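A.B. asks: Following the working numbering, the numbering of the sequence shown begins with 3 at its first residue and continues without gaps.
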Amino acid sequence: MAENANAQHEDVSKHMGQYYVVFVALLCLTAVTVGVSYLHLTRPLAITVALIIATIKAGLVAAVFMHLISERKVIYAVLILTALFFIVLLALPNLTVFEHHTAIPGT
């Protein structure tokens, strides 16, 4: 029983360095996000920068805390398929908007 506890402790201990690095990186990226908010950027540019930073943060969390960095290729395929499906779902309302604007305004 004591051997099993030591094995679990060693398994967690070897990941702690990665966890600390990601924690510091997330803190730094949060500080960058706050700093960017003070830069009086145009709204589209501010949203783009915020989404890029958020994507990097989400990638760090998924790769390290969810252990996706050491998974098989099937996991990546499912992740990419999910992202593509999400993008398609975001694009669907735009397709319906274009259908309803066939008439020229003011005529």
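Glycine included, every Cβ here is placed at the ideal spot set by N, Cα and C.
The structure displayed is predicted, hence computed values, not measured ones.
Report all residues from its chain with a CB closer than 8 Å to the CB of isoleucine 71; omit the five preceding and five following residues, and keep chain order.
C.D. replies: For the purposes of this step, residue 71 is taken as residue 69 along the sequence shown, with counting starting at 1. Around isoleucine 71: Ala65.
A.B. asks: On a Cα-Cα basis, can you pick out the residue from Met68, Thr98 and Thr32 that is closest to leucine 53?
C.D. replies: Along the sequence shown, read from residue 1 onward, the residue named residue 53 stands at position 51. Among Met68, Thr98 and Thr32, the Cα nearest to that of leucine 53 is on Thr32.
A.B. asks: Using a Cβ-Cβ cut-off of 7 Å, state whether alanine 60 counts as contacting chain B.
C.D. replies: Chain labels in this structure do not include chain B; a single protein chain is all it has.
A.B. asks: Helix, strand or coil for methionine 18, going by three-state DSSP, please let me know.
C.D. replies: Here residue 18 is taken as the residue at index 16 of the sequence shown, counted from 1. Methionine 18 falls in the helix class under three-state DSSP.
A.B. asks: When DSSP labels each residue in this structure, what does threonine 44 get in the three-state scheme?
C.D. replies: Walking along the sequence shown from the start, residue 44 turns up at place 42. Here threonine 44 sits in coil by DSSP.
A.B. asks: Sorted by chain position, which residues of the same chain lie with C-beta nearer than 8 Å to valine 38's C-beta, five sequence neighbours on each side aside?
C.D. replies: On the sequence shown, position 36 is the one that residue 38 refers to. Closer than 8 Å at Cβ, skipping near neighbours: Ala48, Val51, Ala52 and Ile55.
A.B. asks: Mind checking whether valine 34 and leucine 62 have CB atoms under 7 Å apart?
C.D. replies: As a working note, residue 34 is residue 32 in the sequence shown. As a working note, residue 62 is residue 60 in the sequence shown. Result no, Cβ atoms of valine 34 and leucine 62 do not sit closer than 7 Å.
A.B. asks: Quick check: the Cα distance between methionine 18 and cysteine 30, rounded to an integer number of angstroms?
C.D. replies: The residue you call residue 18 lines up with position 16 of the sequence shown. The residue you call residue 30 lines up with position 28 of the sequence shown. Roughly 18 Å separates the two Cα atoms.
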